[in-house]
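> Below: one structure in structure tokens.
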Amino acid sequence: MDENSASSPDREPDSVSYTESMPRTVRVQMPALPTIITYGLIGITVLIYILQLLSVAIWGYAIYQIDWLEYFGARINTAIRAGDYWRFITPVFLHGSLAHIFF
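Taken in order, the sequence shown gives residues 24 to 126; the numbers are from the working numbering.
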């Protein structure tokens, strides 16, 4: 058998070139929209937290040391069944403390 044959373990077959086996780098430019949406949601969350603090400073606590936005926006199943459907979304934006926003 010829020592330059394709069945030799030291040599690649002639039909496969080195450039075909290398992975190609493909660069794709992502749209900037997700960043805008992310920063918008962060801004809304911080704004709602500030409003929570202001509601306590202006009107005091609603009940049981709960601020007014939490009182009207927390997820309470009986209130949702009674028709307060915004309570599906508002708990996402309510936060208990400044550390809770960051972590």
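Beta carbons are placed, not taken as given, at the ideal position from N, Cα and C, and that holds for glycine.
1. When we look at the beta-carbon of GLY96 and count the other beta-carbons within 10 Å, is it buried (16 or more) or exposed?
2. Output needed for ASN100: all residues of its chain with C-beta closer than 7 Å, excluding positions within five of it in sequence on either side, in chain order.
3. Using the Cβ count rule (16 or more neighbours within 10 Å means buried), how would you classify TYR84?
4. Exposed or buried, which one is LEU92 when buried takes at least 16 other CB atoms within 10 Å?
5. Excluding sequence positions up to five away, which residues of its chain have a Cβ less than 8 Å from the Cβ of SER90?
6. Who pairs with ILE65 in a beta bridge, going by DSSP?
7. Suppose the cutoff is 8 Å on Cβ atoms and the five residues either side in sequence are ignored; what does the same chain contact list for ARG110 look like?
8. Is it true that the segment 117-125 meets the segment 65-73, where meeting means three or more beta-carbon pairs spaced less than 8 Å apart?
9. Closest to ILE112 by CA distance: which of ARG47, LEU64, ALA122, LEU56 is it?
10. Hey, quick one: how far does the alpha helix (DSSP H) through TYR94 stretch, first residue to last?
Looking at the coordinates:
1. What you label residue 96 is simply residue 73 of the sequence shown in a count that begins at 1. Here GLY96 is buried, its C-beta having at least 16 other C-beta atoms within 10 Å.
2. Locating residue 100 in the sequence shown gives position 77, counting from the first residue. Closer than 7 Å at Cβ, skipping near neighbours: no residue.
3. Numbered from its first residue, the sequence shown carries residue 84 at position 61. In the assembly as shown, TYR84 is an exposed residue. Its beta-carbon has fewer than 16 other beta-carbons within 10 Å.
4. Here the question's residue 92 lines up with position 69 in the sequence shown. Buried is the call here.
5. Here residue 90 is taken as the residue at index 67 of the sequence shown, counted from 1. This sequence places Asp at residue 90; Ser is not what is there. Exclusion of the five residues before and after ASP90 leaves GLN75, LEU76, SER78, VAL79, TYR84 as the residues of its chain whose Cβ lies within less than 8 Å of its Cβ.
6. For the purposes of this step, residue 65 is taken as residue 42 along the sequence shown, with counting starting at 1. Paired residue(s): none; ILE65 is not in a bridge.
7. Walking along the sequence shown from the start, residue 110 turns up at place 87. GLY96, ALA97, ARG98, ILE99, ALA102, ILE103, listed in sequence order.
8. yes
9. Residue 112 sits at position 89 when you count from the first residue of the sequence shown. Ranking ARG47, LEU64, ALA122, LEU56 by Cα distance to ILE112 puts LEU64 first.
10. Against the sequence shown, residue 94 aligns to sequence position 71. Taken as a continuous stretch (DSSP letters only), the alpha helix (DSSP H) holding TYR94 covers 91-96.
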